[in-house]
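Undergrad:
2 protein chains.
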Amino acid sequence: MADVWDAYREELEGVEDQLRKNLDSNVALVNTVASHILSSGGKRLRPLLLLLCARVCGYSAKEHLVLGSLVEYIHTATLLHDDVVDDADLRRGRQTARKLWGNQISILVGDYLYSKAICQIVGFRNQAINEALSEACRKMAEGEVLQLYYNGNPLITETEYLRIVEHKTAGLIAAACRIGGIIGGAPADKEAVLFRFGQHLGIAFQVADDTLDYAANGDRLGKSLGQDLRQGKVTLPLLHLLHHCSDQDRQMIKDRMETRTLAEADLLRIISLMQEFGSISYAMERARTFVAAANRDLGGFEDSLPKRALSVVADYMVTRDR
Amino acid sequence: MADVWDAYREELEGVEDQLRKNLDSNVALVNTVASHILSSGGKRLRPLLLLLCARVCGYSAKEHLVLGSLVEYIHTATLLHDDVVDDADLRRGRQTARKLWGNQISILVGDYLYSKAICQIVGFRNQAINEALSEACRKMAEGEVLQLYYNGNPLITETEYLRIVEHKTAGLIAAACRIGGIIGGAPADKEAVLFRFGQHLGIAFQVADDTLDYAANGDRLGKSLGQDLRQGKVTLPLLHLLHHCSDQDRQMIKDRMETRTLAEADLLRIISLMQEFGSISYAMERARTFVAAANRDLGGFEDSLPKRALSVVADYMVTRDR
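Chains as they are written, first to last, in my numbering: chain Z, 107 to 428; chain L, 107 to 428.
#1: Does the beta carbon of K274(Z) sit closer than 8 Å to a beta carbon anywhere in chain L?
#2: Could you check how far apart the C-beta atoms of R368(L) and V162(L) are, in whole angstroms? I think they sit under 8 Å.
#3: Can you check whether the C-beta of A281(Z) is within less than 8 Å of a C-beta belonging to chain L?
#4: In chain L, which residues lie with their C-beta within 7 Å of the C-beta of A247(Z)?
#5: Pull up the CB-CB distance for C225(L) and R244(Z), whole angstroms please, since I reckon it's below 8 Å.
#6: Please list the residues of the stretch 248 to 267 of chain L that have a C-beta atom closer than 7 Å to any C-beta atom in chain Z, keeping them in chain order.
#7: I'd like the list of long-range same chain contacts for F303(Z), defined as Cβ closer than 6 Å, with 5 residues on each side in sequence excluded.
#8: Using 8 Å as the limit for Cβ to Cβ distance, is Q333(L) near chain Z?
#9: Among V313(L), A371(L) and P412(L), which one has its Cα closest to the Cα of S387(L)?
#10: Does any residue of chain Z have a CB that is nearer than 8 Å to the CB of L135(L)?
#11: Could you round the C-beta distance between L214(L) and V251(Z) to whole angstroms and report it? I think they count as a contact, below 8 Å.
#12: Distance check for L144(Z) and A321(Z), CA to CA, integer angstroms please.
#13: Taking the straight line between their C-alpha atoms, what separation do you get for Q381(L) and L278(Z)?
#14: Which residues in chain Z sit within 8 Å of E241(L), going by Cβ to Cβ distance?
#15: Between C159(L) and G308(L), how many whole angstroms is the CB-CB distance? I'm expecting something under 8 Å.
#16: Given a threshold of 16 other Cβ atoms within 10 Å of its Cβ, counted over all protein chains shown, does K274(L) qualify as buried or as exposed?
#17: Quick check: what's the CA-CA separation for L327(L) versus A113(L)?
#18: Using beta-carbon positions only, say whether R336(L) and R366(L) come within less than 8 Å of one another.
#19: Within this structure, are the beta carbons of A281(L) and A223(L) separated by less than 8 Å?
#20: Checking contacts by CB at 8 Å: is S131(Z) closer than that to chain L?
#21: Can a CB atom of chain Z be found closer than 8 Å to the CB of L327(L)?
#22: Please give me, in chain order, every unbroken run of the beta strand (DSSP E) with length at least 3 that falls completely inside the stretch 263 to 296 of chain L.
#23: Nearest CA to the CA of E116(L): which residue from I289(L), L157(L), D130(L) and T184(L)?
#24: Please decide whether R231(Z) counts as near chain L, where near means a Cβ-Cβ distance under 8 Å.
#25: Opposite L196(Z) in the DSSP bridges: which residues?
#26: Please check if any C-beta of chain Z sits within less than 8 Å of the C-beta of E237(L).
#27: Name the chain Z residues whose beta carbon is nearer than 7 Å to that of Q210(L)?
#28: Could you check the C-alpha separation between F301(Z) and A310(Z) for me, to the nearest Å?
#29: Could you tell me the distance, in whole angstroms, from the CA atom of G429(L) to the CA atom of D217(L)?
#30: Does the distance from the CB of I262(Z) to the CB of L196(Z) come in under 8 Å?
#31: Report yes if the CB atom of V190(L) is closer than 8 Å to the CB atom of S212(L), and no otherwise.
#32: Within this structure, are the beta carbons of A389(Z) and P343(Z) separated by less than 8 Å?
#33: Within 10 angstroms of the Cβ of N209(L), are there 16 or more other Cβ atoms? Answer buried if so, exposed if not.
#34: Just the C-alpha distance for L125(L) and R150(Z), rounded to the nearest angstrom, thanks.
#35: Listing by chain order, which chain Z residues have their CB less than 8 Å from the CB of V172(L)?
#36: Roughly how many angstroms separate the alpha carbons of L171(Z) and I180(Z), rounded to a whole number?
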């Protein structure tokens, strides 16, 4: 993956320029808050995928820089709202905007970034892009409500879990890939394939992320592990465990979810049970299935540097450390 | 105004049908929450203005029903977020969505309604409509941040106050009027005039609303009056009073704003000072100036039933009880 970042470093710096340049609100506080979260070490996965999908279709112009930055704005808007919804104090090791400036500012700057992105997208006068992005936003919002609806419910099925994941995470990633195809002038079938590629990759991304929340790595024990459980989110490894553990352990897990407390001893017990029952490897294997599907989606494209890079990005979903 | 509601009752019922019909999320909770706030007695001012502006341009088709409902969705999305930002428990005498279902749901259903509206607007494939609405949304978000930024600051100028009002309230009303012009096939200059009409009317609407917050009406004393002051919002009548009252009273008002407490005696004192210094009549007079400007904007249109209705709506901004 380091080679991919290297190969496209210059282009991604172009995206960074756009991210900064378009933060031009007359309201200084908007720019301050937006800069804070935009500079908090995001990997720019969506702009990278948009760029690679455009390149794989032979695109050589520069519109992907702005479009990538706008997709990143929308992603950032959802993070600002998510942090409020999750009561989160930290994101990637830094204080969240809501912690620094309060929930109100976080909600409103999220609204601003989202509407700013839609404004600029509209300026491209491209119906297909408008549709891809607005549809992704609708799905994301639906996925977030769905997640909240199932919050703390240990009876959620794997299908329902995957539906949340597909909505809240895969939708925008798939839209980024489709937009790459659109500006790359891909025929309708190829555009649909790139969309599906993004969906598979996006689901793999989220399932792996949910699994890494239980994958102890020494220094990540304590505060940063088990966050999903603390927030009442039932994700794939926990779902697997709940189906396989003893009634007594199941009750313990349900109790912890209800009270939203998780002592380190409880977490260690849950992780050890997950290892015993193979829950972590099961969930990672499911993520790998989606990566494999994503790689199969690329089958119809001729070999090229961006195609190989897309495949590397897909694999990276399940090999990365969080 | 009752005659206007009567004359366009059937059309507004068509808007209500659309509002209900498009609440078709697969996530039942989204529909429940959205229905709650949509059925809480909103006056559908924006759909009415969109309809009248279309009619004044000779429009006779039916697209205004859906478009009006989508503008109302966006307005509703902002109300859901506003109630969270303002910690509001009541809206039009009913419990707010945040009080009933929590802040998280309110934020996310707001996001959903907004993105749903954008999705459907995009389906109209009309660049001018896309631009009008996305621009209005950006301005609204900026206005809300600006309002929060100036919160509790008694040194705000009238210009700054009007800038907030123009952004947070007039933007969407003006967009509704412009969209009426767009579907009515108005030439560019008329479309611009309708936009300006909406801006003037929108500013009048908000200034009057802010003034009515201090306009005692017997039964409205106590909880429902003085809300803006309780929330640290410095609006036009208070601004006028702060410029005219004694240092001692100014200090009292600043203290109440800082501590966010307002005993009934304080409120009565402030209202009585406003009457003494003419603050309420000053603010209402300013609102009337904007109504007059709105009526002047209509000068270029031929006499017609919808034109007279627009004028009635404009006057209603400053004659209504809240």
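Quick reminder that beta carbons are idealized off the backbone N, C-alpha and C, glycines included.
TA: In this structure, then:
#1: The residue given as residue 274(Z) occupies position 168 in the first sequence. No, its Cβ sits nowhere closer than 8 Å to a Cβ of chain L.
#2: To locate residue 368(L), count along the second sequence from 1; it is residue 262. To locate residue 162(L), count along the second sequence from 1; it is residue 56. Position check: residue 368(L) holds Leu in this sequence, whereas Arg was assumed. Wrong, their Cβ atoms sit about 43 Å apart, outside the cutoff.
#3: Stepping through the first sequence from its first residue, residue 281(Z) is reached at position 175. Not one chain L Cβ lies under 8 Å of A281(Z).
#4: As a first step, residue 247(Z) must be located in the first sequence, where it is residue number 141. Per Cβ cutoff of 7 Å: L214, D217, Y218 and S221.
#5: Here residue 225(L) corresponds to residue number 119 of the second sequence, with the count starting at 1. Here residue 244(Z) corresponds to residue number 138 of the first sequence, with the count starting at 1. Right, the Cβ-Cβ distance comes to about 5 Å (below 8 Å), so this counts as a contact.
#6: E248, E250, V251, L252, L254 and Y255
#7: By one-based count along the first sequence, residue 303(Z) stands at place 197. Correct list, in chain order: C283, A400 and D403.
#8: By one-based count along the second sequence, residue 333(L) stands at place 227. For Q333(L), the answer is no, since every Cβ of chain Z falls outside 8 Å of its Cβ.
#9: Numbered from 1 along the second sequence, position 281 holds the residue referred to as residue 387(L). Ranking the options by Cα distance to S387(L), first place goes to V313(L).
#10: Numbered from its first residue, the second sequence carries residue 135(L) at position 29. Yes, L135(L) counts as interfacial toward chain Z.
#11: As a position in the second sequence, residue 214(L) is number 108, starting the count at 1. As a position in the first sequence, residue 251(Z) is number 145, starting the count at 1. So it is a contact: roughly 5 Å between Cβ atoms.
#12: Your numbering for residue 321(Z) matches position 215 in the first sequence. Your numbering for residue 144(Z) matches position 38 in the first sequence. Straight-line Cα distance between these residues: approximately 27 Å.
#13: What you label residue 381(L) is simply residue 275 of the second sequence in a count that begins at 1. What you label residue 278(Z) is simply residue 172 of the first sequence in a count that begins at 1. Between Q381(L) and L278(Z), the C-alpha separation is close to 55 Å.
#14: Walking along the second sequence from the start, residue 241(L) turns up at place 135. What E241(L) touches in chain Z: C225.
#15: Your numbering for residue 159(L) matches position 53 in the second sequence. Your numbering for residue 308(L) matches position 202 in the second sequence. Not a contact, Cβ separation roughly 13 Å.
#16: Here residue 274(L) refers to the residue found at position 168 of the second sequence. Burial call: buried.
#17: In the second sequence, counting from the first residue as 1, residue 327(L) sits at position 221. In the second sequence, counting from the first residue as 1, residue 113(L) sits at position 7. Note that L327(L) scores 47 on pLDDT, short of 50, meaning its location in the model is unreliable; the coordinates nonetheless yield the value given after this. The straight-line gap from Cα to Cα measures roughly 34 Å.
#18: Against the second sequence, residue 336(L) aligns to sequence position 230. Against the second sequence, residue 366(L) aligns to sequence position 260. Closer than 8 Å, so yes.
#19: For the purposes of this step, residue 281(L) is identified with residue 175 of the second sequence, where counting begins at 1. For the purposes of this step, residue 223(L) is identified with residue 117 of the second sequence, where counting begins at 1. Going by C-beta atoms, A281(L) is not nearer than 8 Å to A223(L).
#20: Indexing the first sequence from 1 puts residue 131(Z) at position 25. Yes, its Cβ sits closer than 8 Å to a Cβ of chain L.
#21: Locating residue 327(L) in the second sequence gives position 221, counting from the first residue. Note that L327(L) scores 47 on pLDDT, short of 50, meaning its location in the model is unreliable; the coordinates nonetheless yield the value given after this. No - not a single Cβ of chain Z is within 8 Å of the one on L327(L).
#22: none
#23: For the purposes of this step, residue 116(L) is taken as residue 10 along the second sequence, with counting starting at 1. With distances taken between Cα atoms, E116(L) lies closest to L157(L).
#24: Indexing the first sequence from 1 puts residue 231(Z) at position 125. Yes, contact with chain L.
#25: The count along the first sequence starts at 1 and reaches residue 196(Z) at position 90. Answer is Q201(Z).
#26: For the purposes of this step, residue 237(L) is identified with residue 131 of the second sequence, where counting begins at 1. So, interface residue.
#27: Looking up residue 210(L) in the second sequence gives position 104. Residues of chain Z passing the Cβ test: V191 and L254.
#28: Mapped onto the first sequence, residue 301(Z) falls at position 195. Mapped onto the first sequence, residue 310(Z) falls at position 204. Cα to Cα, F301(Z) sits roughly 14 Å from A310(Z).
#29: Since the first residue shown for chain L is 107 and the last is 428, residue 429(L) is missing from the structure and cannot be characterised.
#30: Stepping through the first sequence from its first residue, residue 262(Z) is reached at position 156. Stepping through the first sequence from its first residue, residue 196(Z) is reached at position 90. Going by C-beta atoms, I262(Z) is not nearer than 8 Å to L196(Z).
#31: The residue given as residue 190(L) occupies position 84 in the second sequence. The residue given as residue 212(L) occupies position 106 in the second sequence. Contact flag set, yes.
#32: Within the first sequence, numbered from 1, the residue matching residue 389(Z) stands at position 283. Within the first sequence, numbered from 1, the residue matching residue 343(Z) stands at position 237. Contact: yes.
#33: One-based indexing of the second sequence puts residue 209(L) at position 103. With 16 or more other Cβ atoms within 10 Å, it is buried.
#34: The residue you call residue 125(L) lines up with position 19 of the second sequence. The residue you call residue 150(Z) lines up with position 44 of the first sequence. Distance between the alpha carbons of L125(L) and R150(Z): 37 Å.
#35: The sequence position of residue 172(L) within the second sequence is 66, counting from 1. Within chain Z, no residue comes near V172(L); the closest Cβ sits about 15 Å away, beyond 8 Å.
#36: Against the first sequence, residue 171(Z) aligns to sequence position 65. Against the first sequence, residue 180(Z) aligns to sequence position 74. For L171(Z) and I180(Z), the distance between alpha carbons rounds to 15 Å.
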